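Protein chains in written order, with this note's numbering: chain A, 482 to 897; chain B, 1090 to 1605. Think of the CB as a built atom: it goes at the ideal place given N, C-alpha and C, for glycine as much as any other residue. No experiment lies behind these values; they were computed from the predicted model shown. Remarks on the structure that follows.
Structure representation (structure tokens):
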């Protein structure tokens, strides 16, 4: 194995050192990650809906978290709303749940202000049988009154409540098709259309997109359990520029549950590493520390422990691939940073996307490594390196896209 | 004595004495014979025995009378609202403090003062700000109180005290003075009796010792009862009048149908033949909660239109409900209160005329904050101390939508809950009770889905029947008020007409006014 040398060898050693350290000794990591997160906060999905309209089910379906984890994860954030950051250690998305909506004179100003400060998506959640979503419409009217261009995604839930007795879901999911009206029961069709009419009458010119879904529990006896999830993802991509699917969802072909669960964590840590890398004067030893933390988190997801043997084996297998990425980026970065002003910006972007992309690639490679080890098999060094190289490309793209989303100014300056 | 001799004349007097002499001699001879035959002791024993059993029987009779007295006590009107009941407690307190020693029944002026005291107290309760509360009452009203109290007291006395129809207050007083005379000269009389007839004196002494106390006690009780009933009766009628709970013209039975309330042509057709005003049941709830479905379930057939979309029911619609002869009612379907078709003022009006409220709330809808606000508003509009608030039941619909969703296998045992579905139903009931601030026992879970009607005929019906007495009270008071308004109008018209004003100002309308 060719030992890396030169400038990036310092980082190499830093990663090894960070991996060897017990969790508690990764000093300075938490505040740094948090500071990075606060500079570039994760986008917000503003869930607007009455109690038990299915907001938690949507969070569950989008993130794959358990209901209990979601329940515990919601933390009060504004006077009338609470927030669920996912994943909690390196958030890629925040769900904002408006508790106040049930109250009669709920004032959405605080929550609007929060959404103004960062990328967001307004998601109205309404039971299909709720024929009078008056409170919800009032709030949306207020929101669109202030921001006529904000798109609204209306998720129509609990379809089964409008089914005739004993009916099953219409499979395949019909609402993507132009002739869906002929495929669903009459009562459901009329309820959906009536509701759609009410939401489409909202003021403003931003898009209003309606998606019927039904997310049930396996014991409820409706199959599929996540009825309409793909349509919801598409609608999210169509309605917003959040790139939420890239953040939360691994490639649809990947059926491995572990790597699916790992994906948002990898994205979260990559974005954190990118944020740290973007700060010119920050101690770059923090990036390896973030990477070390990611590897340990991933091991936890695969229900394994990341020990010294894993470190040496994994880094050994990766060898040159890791070095290549690291070395090139670091070289470019240091050159760019010599040029004052412009160089600082370019260097920051370069350093940011390099740190992020590498973290992403490391995470993806670690997933492959962990998956094989879990099955008790060894992985070829070449396979791992090719995975790393591919992931480096997608990671670079992902980081660039996500950071461009995050750097977008609020859609419109607050008119206050 | 001289008068007697002058009236009868000596010869006739002697004739009477001679004729009666054998009868006078007979007890003496009998005593002598008893003495000689040695039966004196037995006779005395017999006397004692007879006296004892007589005493016992009398005691039983007195006890029965007293029980009857205790039972015959004026109770507050069942249909009275809160402030009338409050006033009644004051009247009760006054009655319980009154004693015949303080207000002797023989003292007519005293009793008038007492009556005034009761009336002022009641009037002051209902008109606390008036400096002269008594003046708040019209003359015919005052006369009506006195007349009614007197009539009822008379009926009660006749019914409870034996021979009382021959008794007047005067005789009661007279008996009292005789008693006092006797008491004053008691010593002399007893001494003389002992000299004249020793045996009789013994028996008399026994009778006096045992009976005297008892009889006196009894009559005292009767007097106390009479006094307190007097106060209660006055209080009762004063409350009815000052509280506006009575009409002057009581020829019409209270429960007769109320013409002014009949604005509903659909139900009014054959109401004319009915003897009593029907119970009014009002259904309230948000859109698509299942109000119309509940009507269909209550009637056991499709009576009104239902749909998945709101505003199927566009106005307040009455339906006639006749069932097993147990409940005759008008059931009012209303539009959902969260729609534009809902007229809040119309609702408050109709809620005030309702005798029983059924609040329909869906089990699968957790957003009850708005519902609660509405309900509190209805409650506030009904919380008027001068009227009775109608009882309310919460009908929890859509229980088939609770988890496990695909299961529908009634009947469900709820107490204690058996099975997952029953557990969910009970939990939903608790949530509804907490969200709407009603007792859990008033939340009735039902299913109204087509072909799955459940718990309407048994649980809901039983709960409604349980509320019926209370609803009936509300209905009585409502009828009374309606009739009073009617009466006010009629009186006003009569007075105006007799004053000639109507005829003068509307010469051509005389035909119309005559027809009233």
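| Item | Value |
| --- | --- |
| Relative to chain B, which residues along the stretch 606-618 of chain A have a C-beta separation below 8 Å, given in chain order? | 608, 610, 611, 612, 613, 615 and 616 |
| For residue 686/A, is the classification buried or exposed, using 16 other Cβ atoms within 10 angstroms of its Cβ as the cut-off for buried? | exposed |
| Between the stretch 1388-1395 of chain B and the stretch 1431-1440 of chain B, do three or more beta carbon pairs fall short of 8 Å? | no |
| With a threshold of 8 Å, are at least 3 pairs of Cβ atoms found where one atom belongs to the stretch 668-682 of chain A and the other to the stretch 1396-1403 of chain B? | yes |
| For residue 1373/B, which residues does DSSP report across the bridge? | 1448/B |
| Fully enclosed by the stretch 626-702 of chain A, which beta strand (DSSP E) runs are 3 residues long or longer? | 633-638 and 689-693 |
| Since residue 1451/B and residue 1370/B should fall inside the 8 Å C-beta cutoff, what is the C-beta to C-beta distance between them, to a whole number of angstroms? | Actually they are not in contact, since the Cβ atoms of residue 1451/B and residue 1370/B sit about 20 Å apart, beyond 8 Å. |
| So, using beta-carbon positions, are residue 1533/B and residue 1491/B closer together than 7 Å? | no |
| Under a CB-based cut-off of 7 Å, is residue 678/A close to chain B? | no |
| Taking a Cβ distance cut-off of 9 Å, strictly less, list which residues of the stretch 1373-1399 of chain B are near chain A, in chain order. | 1375, 1376, 1377, 1396, 1397, 1398 and 1399 |
| Inspect the beta-carbon positions of residue 1383/B and residue 1448/B and report whether they are closer than 7 Å. | no |
| What do you reckon, are the CB atoms on residue 1535/B and residue 1545/B nearer than 7 Å? | yes |
| Report the residue from 1121/B, 1441/B, 1133/B and 1119/B whose alpha carbon sits nearest the alpha carbon of residue 1467/B. | 1441/B |
| Label residue 534/A either buried or exposed according to how many other C-beta atoms from any shown protein chain fall within 10 Å of its C-beta, with 16 as the threshold for buried. | buried |
| Between residue 681/A and the rest of its own chain, which residues show a CB-CB distance below 6 Å, the 5 nearest in sequence each way excluded? | 689 |
| Using only alpha-carbon positions, find the residue among 651/A, 738/A and 833/A that is nearest to residue 704/A. | 651/A |
| Count the C-beta pairs between the stretch 747-754 of chain A and the stretch 834-844 of chain A that are closer than 8 Å, then say yes if the count reaches three, no if not. | yes |
| Have a look at residue 1552/B and residue 695/A and give me their C-alpha separation to the nearest angstrom. | 37 Å |
| Between residue 1457/B and residue 860/A, what straight-line distance do the alpha-carbon atoms span, to the nearest angstrom? | 57 Å |
| Below 8 Å, how does it come out for the stretch 544-552 of chain A and the stretch 613-624 of chain A: are there three or more Cβ pairs, yes or no? | no |
| Between residue 800/A and chain D, is any beta-carbon pair separated by less than 7 Å? | Here chain D cannot be found, since the structure's protein chains are A and B. |
| Could I get the ranges of all uninterrupted beta strand (DSSP E) runs contained in the stretch 1386-1432 of chain B, with 3 residues as the minimum, in chain order? | 1406-1412 and 1416-1422 |
| Is residue 532/A a contact residue of the ligand PLP, with contact defined as CB to any heavy atom under 6 Å? | For the structure depicted, the ligand PLP is absent and the ligand set is empty, with no information on it obtainable. |
| Consult DSSP for residue 608/A and reduce its assignment to one of helix, strand or coil. | strand |
| Compute the distance between the beta-carbons of residue 798/A and residue 862/A, then report whether it is under 7 Å. | yes |
| Pick out the complete alpha helix (DSSP H) segments inside the stretch 1094-1130 of chain B, 4 residues or longer, and give them in chain order. | 1099-1126 |
| If contacts are defined as beta-carbon pairs under 8 Å, then residue 525/A and residue 599/A qualify, I think. What distance do you get, rounded to the angstrom? | 6 Å |
| Let me know if residue 1517/B comes out buried or exposed under the rule of 16 or more other beta-carbons within 10 Å of its beta-carbon. | buried |
| Would you tell me roughly how many angstroms separate the C-alpha atoms of residue 495/A and residue 527/A, rounded to the nearest one? | 39 Å |
| Given this structure, state the Cα-to-Cα distance separating residue 639/A from residue 1173/B, to the nearest angstrom. | 52 Å |
| Along the stretch 620-654 of chain A, where does the CB come closer than 9 Å to a CB of chain B? Name the residues. | 639, 641, 642, 643, 645, 646 and 647 |
| Determine whether the beta carbon atoms of residue 1212/B and residue 1331/B lie at a separation below 7 Å. | yes |
| Using a Cβ-Cβ cut-off of 6 Å (strictly less than) and excluding sequence neighbours within five positions of residue 1504/B, which residues of its own chain qualify? | none |
| What would DSSP say about residue 804/A, mapped onto helix, strand or coil? | Only weak support is given to the placement of residue 804/A: the predicted model assigns it a pLDDT of 49, under 50, and the question is left unresolved by the model. |
| Round the Cβ separation of residue 1168/B and residue 1565/B to the nearest angstrom and send it over; I've been treating them as touching at under 8 Å. | 4 Å |
| Along the chain, where does the alpha helix (DSSP H) containing residue 740/A start, and where does it finish? | 738-758 |
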